[in-house]
Structures are given as C-alpha cells and as structure tokens.
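Participant: Quick note on numbering: the sequence shown equals residues 443 to 901 in the working numbering.
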Amino acid sequence: MNTISIYSSLPYWLQNIAVSLHGYKLKRQRFNDDFYKILDFLNSTQGWSKEQIRSYKEEHIFKILEQAYNHCPYYRKKYANAGLSPSDFKQLGDLQKFPILTKEEIRENWLGLVANNIPQKDLILFNTSGSTGKALDFYWTKYSAAYYWAVDQRYKNRFGFDLGKACINFSGRPIVPISTSRPPFWRYDRALNRYFINMHQLNEQKIRDIVNWINLKRIEMFIGYPSIMTTFANELMNVGMALDFPPKHIFTGAEKLYENQKNILQAVFKGVQIHELYSFSEQAAIATHCIHSVYHEDFEIGHMELDQAVPTESGMQGEILATGFANLGMPFIRYQNGDTAVFSDRECGCGLHSQIIEDIVGRNEDYIVTPEGLHIQRLDYIFKDTSEVKECQVVQKVFGEMILRIVRRNSYSVATEKKLLVNISQWISPTIKVKFEYVDEIPRTKAGKFKAVVSELKK
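#1: Compare the Cα-Cα distances from G757 to each of M641, E789 and Q533 and report the closest residue.
#2: Cβ atoms of L553 and M772: under 7 Å apart, would you say?
#3: Hey, which unbroken runs of the beta strand (DSSP E) at 3 residues or more fall wholly within the region 567-607?
#4: Which residues bound the alpha helix (DSSP H) around L555?
#5: Kindly give me the distance between the Cβ atoms of V895 and D808, rounded to whole angstroms, as I take these residues to be in contact under 8 Å.
#6: Is R629 helix, strand or coil by DSSP?
#7: Cutting at 7 Å between CB atoms, please list the residues of its own chain near T487, excluding the five before and the five after it.
#8: For M641, report the span of its alpha helix (DSSP H) as first-last.
#9: Output yes or no for whether 7 Å exceeds the beta carbon distance between Q509 and L770.
#10: Report yes if the C-beta distance between V784 and D631 is below 7 Å; otherwise report no.
#11: Which word fits A524, buried or exposed, when buried means at least 16 other C-beta atoms lie within 10 angstroms of its C-beta?
#12: What's the call for P668, buried or exposed, on a 16-neighbour Cβ count within 10 Å?
#13: From T583 to I566, what distance separates their C-alpha atoms?
#14: How far does the beta strand (DSSP E) with Y511 in it reach, from first residue to last?
#15: Starting from H464, trace the alpha helix (DSSP H) both ways and give me its first and last residue.
#16: Determine the direct distance from the alpha carbon of H513 to that of N680, and round the result to whole angstroms.
#17: Nearest-angstrom Cα distance between H795 and E739?
#18: Would Y466 be called buried (16 or more neighbouring beta carbons within 10 Å of its own) or exposed?
#19: What is the DSSP secondary structure of V856, counted as helix, strand or coil?
#20: Look at the alpha carbon of L543 and the alpha carbon of L534, and state the distance between them as a whole number of angstroms.
#21: Which of helix, strand or coil does DSSP assign to F927?
#22: Taking 8 Å as the threshold, find out whether the region 687-696 comes into contact with the region 655-672 through three or more Cβ pairs.
#23: In the DSSP assignment, what are the bridge partners of P753?
#24: Taking the straight line between their C-alpha atoms, what separation do you get for E501 and S447?
#25: With distances taken between CB atoms, is the gap from I480 to A592 smaller than 7 Å?
In structure tokens, the structure reads:
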C-alpha cells in the first residue's frame with residue numbers, strides 16, 4: 443500500500459492527526475526565527491523609493507552572481523563561456539548581458555547548479571509537477587523557504603489575515619479521500635489552524651453538509667485554487683443555497699484567476715474582497731496585490747524582468763525572467779519560467795513604489811494558433827455574458843481548429859452554442875473551426891490544477 447492508500451484507510455479523526463502532524467512539520471520549516479526577522483525587515487521596506495529599490499536590487503544581484511560564479515560549477519562554466527564574471531555587473535541594466543537559464547538546462551545540469559558551500563542539512567528538496575508534464579527538481583534552503591513565507595505573510599497582513607487565523611483551504615489534493623461518502627467532508631490541520639476541502643467533495647450530494655458546517659464555523663478567509671473555489675460557488679448556485687456568513691476575503695494562488703471566475707465568486711459571496719498572489723515553486727520572484735488590487739513586485743526576494751518585451755495598450759508585455767536573492771543553495775538567475783506578464787510604469791496610490799504588473803497573461807505554451815497565424819492566450823472573454831457554461835477548457839489538437847470542452851449548466855442550449863460561436867468569430871478568428879465536447883467534469887493536472895487552455899500542437 444502506498445502512503446495515500448494507508449492515509450485513506452484511516453478513520454477521519456486519525457486523518458486529522460496525520461494532517462496536523464504534517465502541519466507541524468511545515469510550521470517549523472516556514473515560521474522559524476529567520477521568518478520573524480525577515481518579516482520585520484519586509485515591514486520596514488514598504489515605503490522605499492524607486493531609487494532605494496534599485497540600489498537594493500543591484501546589491502543583491504551582484505551577491506547572487508558572486509555566489510553562483512564561485513560556488514556553482516555550471517554557472518561558472520556557463521558565464522566563462524560567455525566571457526562574463528560578476529565584475530561585469532555594475533548596474534541593473536548589465537544583468538541583460540548574462541545568459542538566460544532554461545528549465546531544460548536545470549534538468550540536464552542539475553548537480554552543477556547546486557552550491558558547494560551550503561551544507562546538505564540546510565537544503566530542502568522540492569519538485570514542481572510541471573504544466574507541460576515534465577517534472578522539475580530543485581532545492582530551496584531553510585532560509586529561502588522562510589523568506590518566501592515571510593513575503594506571503596506580509597501580503598496577507600494587508601488584509602487582516604494574521605498568522606494563525608482560521609481559514610478554509612480549497613485544495614486539489616485528496617486530503618478528504620475521494621471515497622468518502624459521509625460527512626465530515628473536511629479535514630483540520632490544528633498546527634496551522636486551517637481546514638481543507640478538496641475538489642473531489644464538491645458535488646450536489648455533499649454540498650449541503652459542507653455549507654451547513656461552514657455556516658457554523660463562520661470562517662472569514664478562503665484560500666486556494668480559484669477554479670476549485672469557483673466550483674464550490676457553482677454548486678451553491680446549482681442547489682440554490684448560500685452561506686449565511688460568506689467569506690470576507692478570498693486569497694487565490696497556484697492558478698491564474700480569470701475574469702469570469704472572479705465574477706462568479708463575487709456574485710455568490712456578496713461583499714467578498716479577492717486578492718491575488720503570483721509566484722512559482724522555484725521562488726525566484728513574487729508579486730502580490732496591494733490594497734488597490736494591483737500586482738506589485740516583492741523586490742526584496744527577487745528581480746523580475748521581461749524578455750523581448752513589446753508594447754501593448756496597458757504596458758510592455760514579455761516573458762518573465764526571474765533572479766532570486768534568497769536561495770543561495772541553488773540560485774536561479776534570469777530564469778525563464780514560461781510565464782508572460784505585462785509591466786506598467788504608472789504609479790499606484792497605495793504607497794508602494796515597486797514594479798507594477800498589470801497582468802500575468804499565462805504560460806507561453808498555453809495559446810491557440812488561429813488560421814491567420816495569431817497566438818491567442820486570453821480566451822476567457824469568449825464566455826462573457828455566458829452564464830450557461832459552468833466550466834470550459836479550450837483544446838487545440840490540429841491547426842485551424844479548436845475544441846471547447848464544456849461542463850454545461852441546465853440552462854445551456856443551442857442558443858448558447860451560437861453565442862459562443864459569435865464570440866469566437868469576433869474575438870478569436872472568423873475562420874477557425876470550432877468543435878464542442880460536452881463532459882461531466884474537466885480533468886485536472888496531477889497537482890490538481892485546472893488548465894484553461896491546452897495546446898497539443900507541435901511548437
């Protein structure tokens with residue numbers, strides 16, 4: 443029996459203990475002495491000027507270049523082959539002289555990227571499932587893990603989500619076993635004071651028990667995958683139920699929050715404020731919402747730049763390159779993580795002066811290619827004013843054709859199809875062929891993530 447099978451066979455009270463024991467492990471890892479020192483520092487930098495931020499970045503980029511060059515064999519070889527050393531970095535613009543780091547390089551030169559001056563006991567092995575199906579292994583350090591969670595906590599503190607405050611975590615992992623047929627359809631992590639509800643339990647048969655329990659708990663903070671929280675909201679509408687005490691705040695992560703999802707959440711949970719955090723498992727950069735719901739780069743943990751940026755209506759758009767400052771064990775320098783973003787030079791009234799990010803567009807492999815040769819990433823607007831669609835995944839297998847994999851509501855009709863076809867013709871392409879595929883549910887990735895766009899074209 444594997445670990446999941448053993449866990450699933452336990453009575454629910456023992457599962458709560460197992461979840462809490464794992465929570466204690468995470469609590470020790472995340473919220474150590476370094477965490478509180480870092481959080482104090484982060485609270486002191488929020489009013490920094492652009493000049494202070496630039497100076498800080500230049501200092502820490504030079505330090506991470508020195509660490510990589512002197513203690514990571516692959517970086518030394520890579521930079522030497524390019525005729526570069528840390529001394530070639532004098533100011534922020536000089537970083538562009540240094541070559542980009544790709545995921546394939548990490549897979550092929552893994553050991554050469556690990557610093558030889560960091561004790562093994564200070565390294566934490568982690569891996570990302572990879573939306574492309576290719577796993578990626580890497581190390582955090584104990585210090586960089588604490589740094590990440592300090593940045594995360596500063597962001598939450600802006601909205602009253604203090605450390606240890608109760609929350610419901612909407613998870614893609616089967617923390618409540620899929621086979622569970624009787625309540626409770628939730629599990630409790632006592633160490634971190636969080637309740638888990640996973641997507642497998644969000645169906646018409648179980649939703650009433652879940653709603654009644656949430657009404658008793660009156661929990662103000664929801665956190666998790668936006669697609670799963672949207673599923674919960676959809677199920678509430680399906681059964682005609684509402685929370686007596688809806689959440690005051692929703693914190694999304696791990697997936698992009700689409701406009702149609704946001705509209706559903708705000709319609710079902712009246713008065714809720716929705717906050718977004720952008721990060722990735724490698725922890726080389728983070729951006730979080732300010733009090734005005736604008737993404738700002740958390741410059742203390744890393745530097746973000748755009749590769750091959752082009753102008754758009756709202757700013758400059760390009761592929762993200764991230765240089766992390768906190769992880770000395772396995773530095774990521776000009777790391778190409780596959781995401782695309784839009785940067786803006788405008789000022790924000792919140793008082794933060796770090797880089798504004800207008801939008802995280804999405805992974806560069808997740809786009810539709812039209813017969814006209816356009817690469818279309820933003821597809822959520824084709825569902826504008828289309829409440830009959832519960833969930834949809836856009837799939838492209840062959841050039842000139844797209845598949846709409848749709849979970850329908852009862853109100854879905856032929857008229858809905860016609861409206862979608864009109865929207866696609868207007869917003870995507872007037873010549874692309876559209877096929878409709880109706881399903882009961884849309885499969886998630888191994889990590890439980892929802893992919894709004896799946897391209898199977900050979901790039």
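The beta carbon of each residue, even a glycine, is placed where N, CA and C say it ideally should be. Owing to the predicted nature of the structure, the values given are computational and were not obtained by experimental measurement.
Facilitator: Taking the geometry as given:
#1: With distances taken between Cα atoms, G757 lies closest to E789.
#2: no
#3: Segments of the beta strand (DSSP E) lying fully in the region 567-607: 578-583.
#4: That residue, L555, is in no alpha helix (DSSP H); it is neither H nor E in DSSP.
#5: 4 Å
#6: Three-state DSSP puts R629 in a strand.
#7: The answer, listed in chain order, is E742.
#8: No alpha helix (DSSP H) holds M641; DSSP gives it neither H nor E.
#9: yes
#10: no
#11: Per the 10 Å Cβ criterion, exposed.
#12: buried
#13: 6 Å
#14: It is not in any beta strand (DSSP E) - Y511 instead sits in the alpha helix (DSSP H) that spans K492 to H513.
#15: Element bounds for H464: Y454 to R472.
#16: 57 Å
#17: 9 Å
#18: exposed
#19: helix
#20: Those two C-alpha atoms are separated by around 18 Å.
#21: The requested residue 927 does not occur in the structure, where the chain is confined to residues 443 to 901.
#22: yes
#23: M758
#24: 49 Å
#25: yes
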